[in-house]
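Since the structure comes first, as C-alpha cells, the remarks are kept for the end.
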Amino acid sequence: DTGVSQNPRHKITKRGQNVTFRCDPISEHNRLYWYRQTLGQGPEFLTYFQNEAQLEKSRLLSDRFSAERPKGSFSTLEIQRTEQGDSAMYLCASSHGTSGGFQETQYFGPGTRLLVL
Amino acid sequence: AQSVTQPDIHITVSEGASLELRCNYSYGATPYLFWYVQSPGQGLQLLLKYFSGDTLVQGIKGFEAEFKRSQSSFNLRKPSVHWSDAAEYFCAVGPSYGNKLVFGAGTILRVKS
Chain A
12 DTGVSQNPRH KITKRGQNVT FRCDPISEHN RLYWYRQTLG QGPEFLTYFQ NEAQLEKSRL
72 LSDRFSAERP KGSFSTLEIQ RTEQGDSAMY LCASSHGTSG GFQETQYFGP GTRLLVL
Chain B
6 AQSVTQPDIH ITVSEGASLE LRCNYSYGAT PYLFWYVQSP GQGLQLLLKY FSGDTLVQGI
66 KGFEAEFKRS QSSFNLRKPS VHWSDAAEYF CAVGPSYGNK LVFGAGTILR VKS
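As they're listed, the protein sequences go chains A and B. Residue 12 is where the first sequence starts when you use this note's numbering, and the numbers rise one by one after that. Residue 6 is where the second sequence starts when you use this note's numbering, and the numbers rise one by one after that.
Written out as C-alpha cells, the structure is:
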C-alpha cells in the first residue's frame with residue numbers, strides 16, 4: 012500500500028492556460044474525492060467518484076473545471092483558462108466504500124499546489 | 006447545513022505541556038467526526054475518527070478526542086506535546102451515509118522549547 016499519490020506536486024502557470032492534475036488512489040479504493048484548499052482555510056469538497064461514475068459536484072466546480080476517472084482507477088482534474096483565484100492546493104483522497112454507501116475513512120494525498128500568475 | 010468551527014486559529018504550548026484543540030460542529034443527524042493533521046506543504050494525515058460507540062477515541066501519536074453530543078464538540082487532546090507535533094490540525098464532519106467531508110478552518114499549533 013503506497014498511499015495516494017498526486018502529480019505534479021507543484022505547478023506554476025500563467026493566467027489563461029490550461030492545467031491538468033493526476034491522482035492515483037490507494038489500490039482497490041473505489042471512491043475518489045477532490046478537494047481544494049486555499050491559504051488559511053480547510054479543504055473544500057469539489058467532486059466525488061465511485062468507480063468511474065462522478066456522483067457529486069460542488070458549486071465550487073465551475074464550468075472551467077472538469078474531472079474524470081475513466082477506468083475507475085486514477086483520476087484527472089483539469090482547469091481550463093486558469094484565473095488567479097484558482098491558486099490553491101488541490102487535494103485528492105480515496106476510500107473503500109461499501110455498497111451501502113456508508114461513510115468511510117478518506118486517505119489524502121500530498122496535494123498539488125497551483126500558482127496562477 | 007453542516008459546519009465545523011475551530012475557534013482557535015493559533016495555539017502555542019510549551020514542549021511537555023498538555024494540549025486541547027477545540028472543535029464544534031453543526032449537523033442535524035449523527036455525525037462522523039475526524040481529526041486530521043497537516044504539516045507544511047503536505048497532505049492530511051488521519052489522527053483519529055469517531056463513528057459510534059465509546060465517545061473517547063484513541064488515535065495515533067498519543068492523541069485522543071472526546072465526542073460530546075450535548076455540546077456538539079469533538080475536542081482533541083494530548084497529555085504531553087512534543088516539538089514534532091507542531092503542525093496544522095483540522096476537524097471534519099461527515100454524514101453517516103455519503104461522502105463529502107466538511108472541514109473547519111484549522112488550528113495552527115506552535116510548540117516552544
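C-beta atoms are modelled at their ideal positions from N, C-alpha and C, and glycine is treated no differently.
- Cα separation between tryptophan 88(B) and isoleucine 16(B)? One-based indexing of the second sequence puts residue 88(B) at position 83. One-based indexing of the second sequence puts residue 16(B) at position 11. One alpha carbon belongs to tryptophan 88(B), the other to isoleucine 16(B), and they sit about 13 Å apart.
- My guess is that threonine 58(A) and leucine 72(A) are in contact by the Cβ rule of under 8 Å, so how many angstroms apart are they, rounded? One-based indexing of the first sequence puts residue 58(A) at position 47. One-based indexing of the first sequence puts residue 72(A) at position 61. Cβ atoms of threonine 58(A) and leucine 72(A) come within 8 Å of each other, at about 6 Å.
- Using a Cβ-Cβ cut-off of 7 Å, state whether phenylalanine 119(A) counts as contacting chain B. Position 108 of the first sequence holds residue 119(A). It does: the Cβ of phenylalanine 119(A) has a partner Cβ on chain B nearer than 7 Å.
- Query: Under the three-state reduction of DSSP, which class applies to arginine 92(A): helix, strand or coil?
  - Reply: Your numbering for residue 92(A) matches position 81 in the first sequence. Correct three-state label for arginine 92(A): coil.
- Message: Am I right that glutamine 11(B) and arginine 27(B) are in contact with their C-beta atoms under 8 Å? What's the rounded C-beta distance?
- Response: To locate residue 11(B), count along the second sequence from 1; it is residue 6. To locate residue 27(B), count along the second sequence from 1; it is residue 22. The beta carbons of glutamine 11(B) and arginine 27(B) sit about 7 Å from each other, so the pair counts as a contact at 8 Å.
- Message: Classify histidine 21(A): buried if its beta carbon has 16 or more other beta carbons within 10 angstroms, exposed otherwise.
- Response: Position 10 of the first sequence, counted from the first residue, corresponds to residue 21(A). The Cβ neighbour count for histidine 21(A), taken over all protein chains shown within 10 Å, is under 16; the residue is labelled exposed.
- Between the beta-carbon of histidine 40(A) and the beta-carbon of serine 86(A), is there less than 7 Å? Residue 40(A) sits at position 29 when you count from the first residue of the first sequence. Residue 86(A) sits at position 75 when you count from the first residue of the first sequence. The Cβ-Cβ distance between histidine 40(A) and serine 86(A) does not fall below 7 Å.
- Query: Under 7 Å between C-beta atoms, does glycine 48(B) make it to chain A?
  - Reply: Sequence index remark: in the second sequence, residue 48(B) carries index 43 (1-based). Yes, contact with chain A.
- Does any CB atom of chain A fall closer than 7 Å to the CB of alanine 110(B)? Indexing the second sequence from 1 puts residue 110(B) at position 105. Interface residue, yes.
- Message: Quick check: the Cα distance between glycine 99(B) and leucine 114(B), rounded to an integer number of angstroms?
- Response: Looking up residue 99(B) in the second sequence gives position 94. Looking up residue 114(B) in the second sequence gives position 109. Each residue's alpha carbon lies about 24 Å from the other.
- Buried/exposed call for glutamate 94(A), threshold 16 Cβ in 10 Å: Taking the first sequence and counting its residues from 1, one reaches residue 94(A) at position 83. Exposed is the label assigned to glutamate 94(A), since fewer than 16 other Cβ atoms lie within 10 Å of its Cβ.
- Query: Who does tyrosine 33(A) pair with in a DSSP beta bridge?
  - Reply: As a working mapping, residue 33(A) is identified with position 22 in the first sequence. The residue you asked about is not tyrosine; residue 33(A) is arginine in the sequence shown. Looking at the DSSP output, arginine 33(A) sits in a beta bridge with Asn18(A) and Thr87(A).
- Output yes or no for whether 7 Å exceeds the beta carbon distance between valine 30(A) and cysteine 103(A). Reading the first sequence from its first residue, position 19 is the one you call residue 30(A). Reading the first sequence from its first residue, position 92 is the one you call residue 103(A). Result no, Cβ atoms of valine 30(A) and cysteine 103(A) do not sit closer than 7 Å.
- Query: Hey, out of Arg26(A), Phe119(A) and Ser38(A), whose CA is closest to leucine 126(A)'s CA?
  - Reply: On the first sequence, residue 126(A) is found 115 positions in, with the first residue counted as 1. Nearest option by C-alpha distance: Arg26(A).
- Distance, glutamine 117(A) Cα to valine 62(B) Cα: Start at 1 with the first residue of the second sequence, and residue 62(B) comes out as number 57. Start at 1 with the first residue of the first sequence, and residue 117(A) comes out as number 106. If you take the alpha carbons of valine 62(B) and glutamine 117(A), they lie about 18 Å apart.
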